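**Q**
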Amino acid sequence: MTDFVTRFRTRPRSDRKVTYLPDGRPAVELTHLELDRRARAVGSWLTGAGMAGRPVLLLYPTGLDFLVAFLGCLYAGAVAVPAPLPLSAASRVDRVNRLVEDSDARMVLTDEAHVAALDGLSARTFTEAADGGSWEPPEVAADTVAYLQYTSGSTSHPRGVEVTHGSLTHNLELFRRISGAVPVRRIGGWLPHHHDMGLVGLQLQALHAEADLVLLSPEAVVARPIRWLRAISDHRVDWTVAPDFGYAWTTRRVSDEELVGLDLSCLTMAVSGAEPIRIATLDAFAARFARVGFRRTALNPGYGLAESTLVVTCTSRGLGPAVRSFTSGSLAAGEVVPTSDGGGVPLVGCGEPDAMDVRVTNPATGVEVDDGTVGEIRVAGPSLAAGYHGDPAATRATFVTGPDGRWLRTGDLGFLLDGQLYVTGRLKELLIVRGRNLYPQDIESSAREAHPAAGKGAAFGVRDADSAEHVVLVQEMRRASQGDAREFADVVLDAVTRQFGVSASVVVVRSNAIRHTTSGKVRRGHMRDLFLDGGLSVLHSALSPAVATIVAAPEEVHV
């Protein structure tokens with residue numbers, strides 16, 4: 001298989017383009033041919049600077065300069081390190097300095113507008129005067145590291161996934177296969193380029209598939225999600241990707257007036273991934289935008305992670321979500337029992353394993369379990385990354401080599417049934433209360449549906465002196481007042497207790513207090529730390545006696 005870099009640089013097309021739509025300013029465009037020429041100039045410049053085989057930290061705002069710099073690194077045989085542009089001195093100290101140290105980056109690249117702001121990092125911008133005509137392609141093997149994908153949401157030591165040229169090429173081809181016999185024409189979206197789905201699922205996939213690419217700023221879309229839909233409609237995008245959060249946010253925030261003139265009939269693939277996928281989110285999105293041409297069959301739930309470059313499984317184009325319901329008791333016991341009467345807990349299938357091998361195992365023994373049994377998802381195949389940069393112990397623990405090959409321990413829980421992969425949660429986040437398995441996202445969903453003022457929530461477990469686990473829910477409340485917070489907590493607590501039969505503790509906080517990653521995943525471990533350390537601004541708390549002995553009662557703030 002021809003590697004991605006060779007494939008792109010040997011036939012860049014002048015009739016395909018990359019377009020960035022900045023908020024309130026004219027669009028910026030480059031054809032694939034122009035992108036290749038600029039990348040060759042950067043590659044030549046980096047080669048001359050002796051950066052072949054060395055990490056280069058890329059700190060860019062959304063736009064085309066990042067893609068030029070990223071390709072330039074690959075063209076030079078340098079190791080690209082995409083990272084979020086620090087917005088303040090505090091964020092630079094908090095994360096970027098750690099990335100520099102962990103990656104051993106010898107150069108920091110940014111655009112001209114941010115060179116001065118990043119002078120403490122000795123940031124540079126590449127010179128357009130470099131002679132791309134003198135560039136010579138480097139010798140790279142399939143196992144040569146192409147870039148480091150740092151996992152989001154870390155509160156301590158960052159972990160850089162070593163994605164090789166071979167794993168990148170295989171994953172791009174796997175992702176392209178889900179589109180079927182009809183080639184994708186135009187890919188569009190807003191996910192950050194330092195996120196694996198934004199980098200591989202949007203930007204690199206467009207180049208690999210020889211498709212047009214339309215990019216938007218994540219901040220602009222979060223502020224006004226109609227911009228995402230308007231870009232799809234205006235540019236006739238047929239492929240987009242977003243986490244569950246993106247579809248839910250857009251459904252809530254786009255008004256009827258904004259739908260006027262919108263046409264989403266062009267969209268045939270709307271990939272959803274990066275966190276447990278809620279059928280309620282997909283159904284609401286499909287129902288909300290059916291009037292402007294969106295088809296439910298365009299929804300493509302999938303499962304993936306950075307350690308497998310991006311995608312592991314994904315629903316093929318045109319099939320729509322595969323949804324089945326299971327009794328809550330069987331999910332709690334770990335042996336699923338489907339229901340036929342429409343009741344139970346609905347779960348969304350994430351597609352059938354194809355070019356990657358998937359098995360479900362007993363987390364303690366690693367022994368494969370039967371279909372319909374919940375266990376840890378393990379993955380094998382050419383898309384697997386080489387490991388974690390500079391962390392051989394973590395690599396050995398996560399990428400397990402045995403008689404039957406090399407397998408990735410994903411840390412995700414799920415099961416296989418009738419060929420479909422279903423993901424139920426994270427192994428480390430699973431709550432085990434009196435022998436029952438409880439999934440935090442189910443508790444959070446129950447709380448969100450219990451009261452119209454409920455926002456995001458974070459459910460996690462804390463252990464007492466006897467190692468018994470207790471459920472804690474930190475729950476946002478919109479339009480909060482002190483008296484309302486007490487009543488709100490009672491309603492939420494009653495709903496959770498009735499549905500799951502457990503004694504839970506509820507901590508009510510303001511909107512936007514729940515921390516999450518760039519892809520919208522709730523950082524439950526971080527919220528647990530804040531709770532235990534007294535780092536939450538609490539409107540009201542209702543703690544069970546057992547939890548009250550573990551942590552001092554939080555001081556309530558007045559509103």
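Sequential numbering from 1 applies to the sequence shown in full-length UniProt numbering.
Don't be surprised by glycine CBs; every beta carbon is placed ideally from N, CA and C.
Values in this document were obtained by computation on a predicted structure and should not be read as measured data.
1. Would Ala-546 and Asp-494 be called neighbours here (beta carbons separated by less than 7 angstroms)?
2. Take Arg-263 and list the residues in its own chain whose beta-carbon comes closer than 7 angstroms to its own, dropping the five residues that flank it on each side.
3. Distance check for Leu-229 and Arg-186, CA to CA, integer angstroms please.
4. Is Pro-363 helix, strand or coil by DSSP?
5. Nearest to Tyr-303 by CA position, among Ser-316, Pro-84, Val-260 and Cys-350, is which residue?
6. Quick check: is any heavy atom of the ligand ZN less than 6 angstroms from the C-beta of Gly-261?
7. In terms of DSSP beta bridges, what is Thr-47 paired with?
8. Alpha carbon to alpha carbon, how far is Asp-36 from Pro-301? Give it in angstroms, no decimals.
9. Going by C-alpha distance, which of Phe-500, Phe-460, Ala-447 and Gln-499 is nearest Glu-476?
10. To the nearest angstrom, how far is the alpha carbon of Phe-66 from that of Val-145?
11. Span of the beta strand (DSSP E) holding Ala-454?
12. Is His-389 near Gly-198, with beta carbons less than 7 angstroms apart?
13. My understanding is that Leu-57 touches Val-81, with C-beta atoms under 8 angstroms, so please give their C-beta distance in whole angstroms.
14. Just the C-alpha distance for Glu-307 and Val-68, rounded to the nearest angstrom, thanks.
15. What residue does the alpha helix (DSSP H) around Glu-136 start on, and which one ends it?
16. Val-508 to Phe-399, Cα distance in whole Å?
17. Within this structure, are the beta carbons of Val-323 and Val-348 separated by less than 7 angstroms?
18. Leaving out five residues on either side along the sequence, give the residues of the same chain with a beta carbon under 7 angstroms from the beta carbon of Pro-363.
19. Do Arg-378 and Trp-407 come within 7 angstroms of each other at the CB atom, strictly closer than that value?
20. Excluding sequence positions up to five away, which residues of its chain have a Cβ less than 8 angstroms from the Cβ of Lys-17?
21. According to DSSP, is Pro-545 helix, strand or coil?
22. Going straight from the alpha carbon of Arg-38 to that of Arg-295, what length do you get?
23. Would Thr-309 and Asn-512 qualify as a contact pair, given that the criterion is a beta-carbon distance under 7 angstroms?
24. Using only the alpha-carbon positions, how far apart do Met-107 and Ser-537 sit?
25. Can you round the beta-carbon distance between Phe-415 and Gly-372 to whole angstroms, since I take them to be within the 8 angstroms contact cut?
26. Would you call the CB atoms of Ala-76 and Thr-110 closer than 7 angstroms?
27. What residues are listed by DSSP as bridge partners for residue 560?
28. Per DSSP, what kind of secondary structure is Arg-9 in: helix, strand or coil?
29. Is Leu-427 helix, strand or coil by DSSP?
30. Flag this pair as yes or no: are the beta carbons of Thr-339 and Ser-325 separated by less than 7 angstroms?
31. Taking the straight line between their C-alpha atoms, what separation do you get for Gly-425 and Ala-332?
32. Return the bridge partner residues of Ala-514 from the DSSP annotation.
33. Which runs of the beta strand (DSSP E) at least 3 residues long sit entirely within the stretch 250 to 338? Give them in chain order.
34. Report the three-state DSSP secondary structure of His-389 (helix, strand or coil).
35. Excluding five sequence neighbours on each side, which residues of the same chain lie with their C-beta closer than 8 angstroms to the C-beta of Thr-19?
36. Does the beta-carbon of Val-260 have 16 or more other beta-carbons within 10 angstroms, so that it is buried, or is it exposed?
**A** So, from the listed chains and residues:
1. Locating residue 546 in the sequence shown gives position 546, counting from the first residue. Locating residue 494 in the sequence shown gives position 494, counting from the first residue. Their beta carbons are not under 7 angstroms apart, which means Ala-546 does not touch Asp-494 by this criterion.
2. On the sequence shown, residue 263 is found 263 positions in, with the first residue counted as 1. Before going further, note that residue 263 is Asp rather than Arg in the sequence given. Closer than 7 angstroms at the Cβ level, and outside the excluded window around Asp-263, lie Ser-233, Val-292 and Gly-293.
3. In the sequence shown, residue 186 corresponds to position 186, counting from 1. In the sequence shown, residue 229 corresponds to position 229, counting from 1. Approximately 14 angstroms, taken between the alpha carbons.
4. Taking the sequence shown and counting its residues from 1, one reaches residue 363 at position 363. Looking at Pro-363 - three-state DSSP - the assignment turns out to be coil, as it is neither helix nor strand.
5. Counting from 1 along the sequence shown, the entry for residue 303 is found at position 303. Nearest of Ser-316, Pro-84, Val-260 and Cys-350 to Tyr-303, Cα basis: Cys-350.
6. The ligand ZN is absent from the structure shown, which contains no ligands of any kind.
7. Locating residue 47 in the sequence shown gives position 47, where the first residue counts as 1. Bridge partners of Thr-47: none, in fact.
8. Residue mapping note: residue 301 aligns to position 301 of the sequence shown, counting from 1. Residue mapping note: residue 36 aligns to position 36 of the sequence shown, counting from 1. Computed Cα separation, rounded: 32 angstroms.
9. Position 476 of the sequence shown holds residue 476. Measuring from the Cα of Glu-476, the nearest candidate turns out to be Ala-447.
10. For this step, residue 66 is matched to residue 66 along the sequence shown. For this step, residue 145 is matched to residue 145 along the sequence shown. Approximately 19 angstroms, taken between the alpha carbons.
11. For the purposes of this step, residue 454 is taken as the residue at position 454 of the sequence shown. Here the beta strand (DSSP E) through Ala-454 covers 454 to 463.
12. Counting from one through the sequence shown, the residue named residue 389 turns up at place 389. Counting from one through the sequence shown, the residue named residue 198 turns up at place 198. No; because the gap between Cβ atoms is not below 7 angstroms, this pair is not in contact.
13. Against the sequence shown, residue 57 aligns to sequence position 57. Against the sequence shown, residue 81 aligns to sequence position 81. Contact holds; Cβ gap of about 5 angstroms.
14. To locate residue 307, count along the sequence shown from 1; it is residue 307. To locate residue 68, count along the sequence shown from 1; it is residue 68. When rounded, the distance between both Cα atoms is 24 angstroms.
15. Indexing the sequence shown from 1 puts residue 136 at position 136. Premise fails: Glu-136 is in no alpha helix (DSSP H) and is neither H nor E.
16. Indexing the sequence shown from 1 puts residue 508 at position 508. Indexing the sequence shown from 1 puts residue 399 at position 399. When rounded, the distance between both Cα atoms is 39 angstroms.
17. To locate residue 323, count along the sequence shown from 1; it is residue 323. To locate residue 348, count along the sequence shown from 1; it is residue 348. The answer is yes: Cβ separation under 7 angstroms.
18. Within the sequence shown, numbered from 1, the residue matching residue 363 stands at position 363. Cβ within range, chain order: Gly-375, Glu-376 and Leu-427.
19. In the sequence shown, counting from the first residue as 1, residue 407 sits at position 407. In the sequence shown, counting from the first residue as 1, residue 378 sits at position 378. Cβ atoms of Trp-407 and Arg-378: closer than 7 angstroms.
20. Position 17 of the sequence shown, counted from the first residue, corresponds to residue 17. So the list reads Glu-29, Leu-30, Thr-31, His-32, Asp-212 and Leu-213, once near-sequence residues are dropped.
21. Here residue 545 refers to the residue found at position 545 of the sequence shown. The answer is helix: DSSP assigns Pro-545 an H, G or I state.
22. Here residue 38 refers to the residue found at position 38 when the sequence shown is read from its first residue. Here residue 295 refers to the residue found at position 295 when the sequence shown is read from its first residue. Computed Cα separation, rounded: 39 angstroms.
23. For the purposes of this step, residue 309 is taken as the residue at position 309 of the sequence shown. For the purposes of this step, residue 512 is taken as the residue at position 512 of the sequence shown. Their beta carbons are not under 7 angstroms apart, which means Thr-309 does not touch Asn-512 by this criterion.
24. Sequence index remark: in the sequence shown, residue 107 carries index 107 (1-based). Sequence index remark: in the sequence shown, residue 537 carries index 537 (1-based). Roughly 40 angstroms separates the two Cα atoms.
25. Against the sequence shown, residue 415 aligns to sequence position 415. Against the sequence shown, residue 372 aligns to sequence position 372. Their Cβ separation, rounded to whole angstroms, is 6 angstroms, which keeps Phe-415 and Gly-372 in contact under 8 angstroms.
26. Residue mapping note: residue 76 aligns to position 76 of the sequence shown, counting from 1. Residue mapping note: residue 110 aligns to position 110 of the sequence shown, counting from 1. No; because the gap between Cβ atoms is not below 7 angstroms, this pair is not in contact.
27. Because residue 560 is not part of the residues shown, which for the chain are 1 to 559, the question remains open.
28. The sequence position of residue 9 within the sequence shown is 9, counting from 1. It is helical.
29. In the sequence shown, counting from the first residue as 1, residue 427 sits at position 427. Residue state, collapsed to three classes: coil.
30. Counting from one through the sequence shown, the residue named residue 339 turns up at place 339. Counting from one through the sequence shown, the residue named residue 325 turns up at place 325. Cβ atoms of Thr-339 and Ser-325: closer than 7 angstroms.
31. Sequence index remark: in the sequence shown, residue 425 carries index 425 (1-based). Sequence index remark: in the sequence shown, residue 332 carries index 332 (1-based). Spanning the two alpha carbons is a distance of roughly 12 angstroms.
32. Numbered from its first residue, the sequence shown carries residue 514 at position 514. Reading the sequence as shown, one finds Ile at residue 514 and not Ala. Ile-514 is not bridged to any residue.
33. 269 to 273, 299 to 304, 311 to 314 and 323 to 326
34. Looking up residue 389 in the sequence shown gives position 389. Three-state DSSP puts His-389 in coil, outside helix and strand.
35. On the sequence shown, position 19 is the one that residue 19 refers to. Closer than 8 angstroms at the Cβ level, and outside the excluded window around Thr-19, lie Ala-27, Val-28, Glu-29, Asp-212, Leu-213, Val-214, Leu-215 and His-235.
36. Within the sequence shown, residue 260 is the residue found at index 260, counting from 1. Exposed is the call here.
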